[in-house]
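S.K.: Below: one structure in structure tokens.
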Amino acid sequence: MFQYANPARFMALSGRVLPWLAVAAGLLLAAGLYLGLIASPPDYQQGDTVRIMYVHVPAAWCAMMIYALMALSAAIGLINRHPLADLAAKTAAPLGALFTALALITGSLWGKPMWGAWWVWDGRLTSFLILLFLYLGYIALWNAIEDEVPAARATAVLAIVGAVNLPIIEFSVRWWTTLHQGESIIRAGGPSIAAVFLWPLFLMALGYTLLFFTLWIVRIRTEILARRARSLILAEGGAA
Amino acid sequence: MSAFVALLGRDIRLAFRAGGGAMLALAFFIVMAALIPLGIGPDLKLLAKVAGGVVWSAALLAALLSLDRLFQADYEDGSLDLIALSPLPLEAASFAKIAAHWLTTGLPLTVVSPLLGLLYGLPPAAYPALVLSLLIGTPAISAIGAVGASLTLPVRRGGLILPLLVLPLVTPALIFGAGAISAALNGLSNGAFGLLCAFSFVAVIVSPFITAFAVRPNLAG
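Residue numbers (the numbering used here), protein chains in the order written: chain A, 403 to 642; chain Z, 6 to 226.
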């Protein structure tokens with residue numbers, strides 16, 4: 403795995419993979435949206451609002467997956483002192499914050515017709531709000547420290563502490579009686595929702611994931627190129 | 006051991022003397038808790054209900070006030086390098102600083118909290134929970150706060166982003182602490198105390214190591 407951690411090799415490989423990844427993400431999202439919004443029936447209880455699920459649930463899944471990937475990259479950067487891992491963690495954070503915000507907004511839009519309120523102080527919602535704050539704190543710390551190396555180190559510690567604390571936060575907020583529904587996809591005894599709803603959800607989840615990886619790679623490539631440009635300007639003695 | 010006691014005593018003396026934050030944090034705690042009833046009205050029944058949450062939120066914010074100076078002042082005048090040179094491991098030094106911070110903020114807040122309970126019309130049955138939850142929970146605020154303070158050490162005005170880093174991480178203490186008080190209000194026992202103990206214990210044990218790890222690259226040489 404670490405042979406691809408060389409920036410030059412990473413640029414070559416990611417440049418070849420990127421178009422395929424983008425096309426796959428686009429196709430999956432298109433198919434998922436068609437199945438979810440047009441081809442699938444409305445729910446017998448929730449009516450058409452059930453379709454919000456197809457944009458809401460994958461966003462929430464991605465938001466959590468991105469935090470895990472970010473903390474993992476940060477840990478690799480911290481342990482192996484590898485700048486590419488630091489870059490990966492740094493560039494994942496804004497995307498994670500975006501997916502978290504998307505999950506919160508779509509959840510709010512779903513909550514209004516279903517629960518009768520835009521926001522409730524429920525365990526799941528609150529822990530996601532805190533996840534958003536963790537992302538924002540992480541981004542703020544990156545921006546606040548000027549030098550790259552201490553910034554990478556401090557933010558990595560924050561990401562790891564946050565990763566350890568997240569399950570505790572999640573658990574602690576469940577003390578409030580919860581309105582959000584429990585697990586219905588991955589649970590003992592198989593999924594509790596019908597296959598017509600499961601298929602578009604599955605496609606959307608895969609599409610969201612690939613979309614994230616596409617955007618992530620683009621962001622890492624941009625950061626590498628920006629650094630090369632900066633060092634070129636410095637090498638020519640120009641005042642950038 | 007004597008180095009540990011010396012550092013602890015020094016930090017406590019610094020906090021209580023001119024420019025130290027100990028009394029300020031206490032004053033902030035009382036003023037903030039006194040302002041809330043002005044905002045939400047003098048209904049004592051309502052105030053008794055929110056007392057736990059208000060006292061805990063005020064305690065969190067008051068502890069944050071003096072946190073940004075925890076390492077920053079020593080970093081700026083070079084004494085942090087001297088502390089690191091002493092025979093005391095940096096982890097133990099971090100623990101001494103956390104302990105000093107708690108003794109000068111968390112403990113005074115806990116001591117005056119019954120007074121605030123009085124202002125909020127808290128029923129007598131809830132007083133033990135109020136004091137005990139603060140006594141158990143505030144060390145976690147100092148410990149996690151120290152991690153935040155060490156992470157913002159390279160930042161020139163670290164105090165500004167410190168709340169954004171620390172507050173999300175200490176939410177479990179707030180939830181369990183305020184939860185224990187409201188459980189006592191309703192005559193329930195919900196196990197929040199046990200979880201508060203566990204959270205605080207782990208935070209106090211682990212934080213000095215993380216703090217020392219984050220402080221070390223900022224030392225000279």
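Yeah, the Cβ is synthetic: ideal placement off N, Cα and C, and Gly gets one too.
Beta carbons nearer than 8 angstroms to chain A: which residues of the stretch 135 to 146 of chain Z have them?
M.R.: none
S.K.: Quick check: is the beta carbon of Ile103 (chain Z) nearer than 9 angstroms to any beta carbon in chain A?
M.R.: Against the second sequence, residue 103 (chain Z) aligns to sequence position 98. No, because no Cβ of chain A sits closer than 9 angstroms to the Cβ of Ile103 (chain Z).
S.K.: For the alpha helix (DSSP H) that contains Pro443 (chain A), what are its first and last residues?
M.R.: In the first sequence, counting from the first residue as 1, residue 443 (chain A) sits at position 41. That residue, Pro443 (chain A), is in no alpha helix (DSSP H); it is neither H nor E in DSSP.
S.K.: When we look at the beta-carbon of Val10 (chain Z) and count the other beta-carbons within 10 Å, is it buried (16 or more) or exposed?
M.R.: Your numbering for residue 10 (chain Z) matches position 5 in the second sequence. So Val10 (chain Z) counts as exposed.
S.K.: Run down chain Z in chain order and give the residues with a C-beta less than 7 angstroms from the C-beta of Ile532 (chain A).
M.R.: Taking the first sequence and counting its residues from 1, one reaches residue 532 (chain A) at position 130. Going along chain Z in sequence order, the residues near Ile532 (chain A) (Cβ under 7 angstroms) are Pro173, Thr176.
S.K.: Can you give me the C-alpha to C-alpha distance between Ala78 (chain Z) and Ala67 (chain Z), rounded to a whole angstrom?
M.R.: Position 73 of the second sequence, counted from the start, is the residue given in the question as residue 78 (chain Z). Position 62 of the second sequence, counted from the start, is the residue given in the question as residue 67 (chain Z). For Ala78 (chain Z) and Ala67 (chain Z), the distance between alpha carbons rounds to 19 angstroms.
S.K.: With 9 angstroms set as the bound, which would you pick, yes or no: does the beta-carbon of Val559 (chain A) sit closer than that to a beta-carbon of chain Z?
M.R.: As a working note, residue 559 (chain A) is residue 157 in the first sequence. Yes, its Cβ sits closer than 9 angstroms to a Cβ of chain Z.
S.K.: Rounded to a whole number of angstroms, what is the C-alpha to C-alpha distance between Gly111 (chain Z) and Ala20 (chain Z)?
M.R.: Mapped onto the second sequence, residue 111 (chain Z) falls at position 106. Mapped onto the second sequence, residue 20 (chain Z) falls at position 15. Between Gly111 (chain Z) and Ala20 (chain Z), the C-alpha separation is close to 13 angstroms.
S.K.: Within 10 Å of its beta-carbon, does Gly434 (chain A) have 16 or more other beta-carbons around it, so buried, or fewer, so exposed?
M.R.: As a working mapping, residue 434 (chain A) is identified with position 32 in the first sequence. Result: buried.
S.K.: Could you work out which residue in Z:Leu201, Z:Ala56, Z:Val160 is closest to Pro144 (chain Z) when comparing CA atoms only?
M.R.: For the purposes of this step, residue 144 (chain Z) is taken as the residue at position 139 of the second sequence. Ranking Z:Leu201, Z:Ala56, Z:Val160 by Cα distance to Pro144 (chain Z) puts Z:Leu201 first.
S.K.: What whole-angstrom Cβ distance do Leu431 (chain A) and Gly539 (chain A) have, given they're in contact under 8 angstroms?
M.R.: Against the first sequence, residue 431 (chain A) aligns to sequence position 29. Against the first sequence, residue 539 (chain A) aligns to sequence position 137. Actually they are not in contact, since the Cβ atoms of Leu431 (chain A) and Gly539 (chain A) sit about 30 angstroms apart, beyond 8 angstroms.
S.K.: Let me check one thing: in DSSP terms, what residues is Gly449 (chain A) bridge-paired to?
M.R.: Along the first sequence, read from residue 1 onward, the residue named residue 449 (chain A) stands at position 47. The partner list for Gly449 (chain A) (beta bridge, DSSP) reads A:Asp445.
S.K.: On a Cα-Cα basis, can you pick out the residue from A:Met472, A:Ala441, A:Phe615 that is closest to Tyr598 (chain A)?
M.R.: By 1-based counting over the first sequence, the position of residue 598 (chain A) is 196. In the sequence as displayed, the identity of residue 598 (chain A) is Val instead of Tyr. Answer by Cα proximity: A:Ala441.
S.K.: May I ask you to verify whether the stretch 546 to 562 of chain A touches the stretch 467 to 481 of chain A, counting CB pairs closer than 8 angstroms and requiring at least 3?
M.R.: Taking 8 angstroms as the limit for Cβ pairs, the verdict is that the stretch 467 to 481 of chain A does touch the stretch 546 to 562 of chain A.
S.K.: Classify Thr616 (chain A): buried if its beta carbon has 16 or more other beta carbons within 10 angstroms, exposed otherwise.
M.R.: The count along the first sequence starts at 1 and reaches residue 616 (chain A) at position 214. The residue in question, Thr616 (chain A), is buried, as its Cβ has 16 or more Cβ neighbours within 10 Å.
S.K.: Is the CB of Arg555 (chain A) under 9 angstroms away from at least one CB in chain Z?
M.R.: Translated into positions along the first sequence, residue 555 (chain A) becomes position 153. Interface residue, yes.
S.K.: Within the stretch 455 to 501 of chain A, note down every full alpha helix (DSSP H) run reaching 4 residues or more, in order along the chain.
M.R.: 455 to 482
S.K.: I'd like the list of long-range same chain contacts for Ala426 (chain A), defined as Cβ closer than 6 angstroms, with 5 residues on each side in sequence excluded.
M.R.: Position 24 of the first sequence, counting from 1, holds the residue named residue 426 (chain A). The answer, listed in chain order, is Leu612.
S.K.: Please say whether Pro42 (chain Z) and Leu124 (chain Z) have beta carbons closer to each other than 9 angstroms?
M.R.: Looking up residue 124 (chain Z) in the second sequence gives position 119. Looking up residue 42 (chain Z) in the second sequence gives position 37. Their beta carbons are under 9 angstroms apart, which means Leu124 (chain Z) touches Pro42 (chain Z) by this criterion.
S.K.: Taking the alpha carbon of Ile166 (chain Z) as the reference point, which residue from A:Leu497, A:Trp521, A:Ile547, A:Ala494 has its own alpha carbon closest?
M.R.: Position 161 of the second sequence, counted from the first residue, corresponds to residue 166 (chain Z). Residue nearest to Ile166 (chain Z) within the set A:Leu497, A:Trp521, A:Ile547, A:Ala494 is A:Ile547 (criterion: CA-CA distance).
S.K.: Between which two residues does the alpha helix (DSSP H) harbouring Thr109 (chain Z) extend?
M.R.: Within the second sequence, residue 109 (chain Z) is the residue found at index 104, counting from 1. First-last for Thr109 (chain Z): undefined, no H or E at that position.
S.K.: Can you confirm whether Asn223 (chain Z), when its beta carbon is compared against all beta carbons of chain A, has any partner nearer than 9 angstroms?
M.R.: Taking the first residue of the second sequence as position 1, residue 223 (chain Z) is located at position 218. It does; some Cβ of chain A falls within 9 angstroms.
S.K.: Beta-carbon separation of Ala469 (chain A) and Leu527 (chain A) under 9 angstroms?
M.R.: If you number the first sequence from 1, residue 469 (chain A) lands on position 67. If you number the first sequence from 1, residue 527 (chain A) lands on position 125. One point to set straight first is that residue 469 (chain A) is Tyr, not Ala, in the sequence displayed. No; because the gap between Cβ atoms is not below 9 angstroms, this pair is not in contact.
S.K.: Which value, in whole angstroms, describes the spacing of the CA atoms of Pro496 (chain A) and His484 (chain A)?
M.R.: By one-based count along the first sequence, residue 496 (chain A) stands at place 94. By one-based count along the first sequence, residue 484 (chain A) stands at place 82. His484 (chain A) has its alpha-carbon roughly 21 angstroms from the corresponding atom of Pro496 (chain A).
S.K.: Given Arg411 (chain A), which residues of its chain have a CB within under 6 angstroms of its CB, disregarding the five upstream and five downstream residues?
M.R.: Reading the first sequence from its first residue, position 9 is the one you call residue 411 (chain A). Nothing listed; no residue qualifies.
S.K.: For Val116 (chain Z), is the classification buried or exposed, using 16 other Cβ atoms within 10 angstroms of its Cβ as the cut-off for buried?
M.R.: For the purposes of this step, residue 116 (chain Z) is taken as residue 111 along the second sequence, with counting starting at 1. Answer is exposed; the Cβ neighbour count stays below 16.
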